[in-house]
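Participant:
Numbering (the working numbering), first residue to last: 1 to 302.
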């Protein structure tokens, strides 16, 4: 004869959570044993389904999406379907009783925004990480592979390691500055901990090259052109501008053009800007994490 043998894991609601085997056999599988136990107590445990001394399938406590199932009773069911569509079945009970910890690692910038979601894993609560060590306090990420401290290795107390390459979730190297590694962990039984470590990013070698930002009209006569000064750089750049007096006092900051447009504008209408000489501190960044600063004098004439 010829039999189609299916092995599925069902939850107590009768839903299939995992399909383990679909195979043709010359005879029905009438009896199986579960080894070495029918209970999963660790995230690394596996239940072997054994028929006549041979392992014909294994369940590791995950569903068909690869996610860990919740604790409870499950049923490992073997269906034998012959060529006439007649089915015979055998079922074994499996138990899941694990205490799992959930560990999440994120990188935050200095204003509390998550710039990189590093990892989110499940582990046995008995090995719940209670600390994290950093391979360096300052990293210098680069688009050329390698280099001293170009990446940051995070080593958790349970032995797990995660590497941050200095990039954000979009794949760009982050700007220079202070960042924070945050590890959040829960033990599945109400316990939780949060550990934060500080790391600095300094990639001084990632300066841009190319044409400078053009500032116009300069001098600006408000009688002729109005209170608007344009900044034009290369396409792909993002411009951020701060205006200072010659004495170094900030007049206006946070003037940011559309990302990647290479353009920005300073509209100083209604700001009571007096005639005179000013300094425009222009920061240029590209999508690859390159950075450059340009300071241009601006003359305003009423």
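Even for Gly, the Cβ is constructed at its ideal location relative to N, Cα and C.
Just list the residues that DSSP pairs residue 237 with in beta bridges.
Facilitator: Residue 237 is not bridged to any residue.
Participant: Once the 5 residues before and after residue 60 are set aside, which same chain residues still bring their CB inside 7 Å of it?
Facilitator: Result list for residue 60: 46, in chain order.
Participant: Would you identify the three-state DSSP class for residue 125, choosing helix, strand or coil?
Facilitator: Note: residue 125 maps to helix in three-state DSSP.
Participant: Are residue 103 and residue 185 closer than 8 Å when you measure CB to CB?
Facilitator: A contact, by the Cβ cut-off of 8 Å.
Participant: In the DSSP assignment, find the unbroken beta strand (DSSP E) run with residue 8 in it and report its ends.
Facilitator: Start and end: 3-10.
Participant: Count the C-beta pairs between the region 282-298 and the region 227-238 that are closer than 8 Å, then say yes if the count reaches three, no if not.
Facilitator: Flag = yes, the region 282-298 and the region 227-238 touch.
Participant: With DSSP run on the structure shown, which of helix, strand or coil describes residue 225?
Facilitator: Correct three-state label for residue 225: helix.
Participant: Who does residue 293 pair with in a DSSP beta bridge?
Facilitator: DSSP, once it has assigned bridges, lists 283 as partnering residue 293.
Participant: Comparing alpha-carbon positions, which option in 81, 260 and 75 lies nearest residue 24?
Facilitator: Checking every option, the nearest Cα to that of residue 24 belongs to 81.
Participant: Let me know if residue 203 comes out buried or exposed under the rule of 16 or more other beta-carbons within 10 Å of its beta-carbon.
Facilitator: Under this definition residue 203 is a buried residue.
Participant: Span of the beta strand (DSSP E) holding residue 62?
Facilitator: Careful: residue 62 lies outside any beta strand (DSSP E) and carries neither H nor E.
Participant: Looking only at its own chain, which residues have a Cβ that is under 6 Å from the Cβ of residue 219, when we skip the five neighbours before and after it?
Facilitator: Same-chain partners within the cutoff: 299 and 301.
Participant: Whole angstroms is fine: what's the gap from residue 18's alpha carbon to residue 126's?
Facilitator: Approximately 26 Å between the Cα atoms of the pair.
Participant: What residues in its chain sit with their C-beta under 6 Å from that of residue 35, if we drop five residues either side in the sequence?
Facilitator: For residue 35, where only same-chain residues beyond five positions count, the Cβ hits under 6 Å are 48 and 50.
Participant: So which of 183, 221, 56 and 199 has the shortest CA-CA distance to residue 158?
Facilitator: Of the listed residues, the one whose Cα sits closest to residue 158 is 183.
Participant: Taking a contact to mean a Cβ-Cβ separation below 8 Å, would you say residue 231 touches residue 213 in this structure?
Facilitator: In this structure, residue 213 lies closer than 8 Å to residue 231 by Cβ.
Participant: Hey, is the region 90-109 in contact with the region 72-79, meaning 3+ C-beta pairs nearer than 8 Å?
Facilitator: Output reads yes: the region 72-79 touches the region 90-109.
Participant: Near residue 21, which residues of its chain fall below 6 Å by C-beta distance, leaving aside the five closest residues on each side in sequence?
Facilitator: Taken in chain order, the residues that qualify are 7 and 57.
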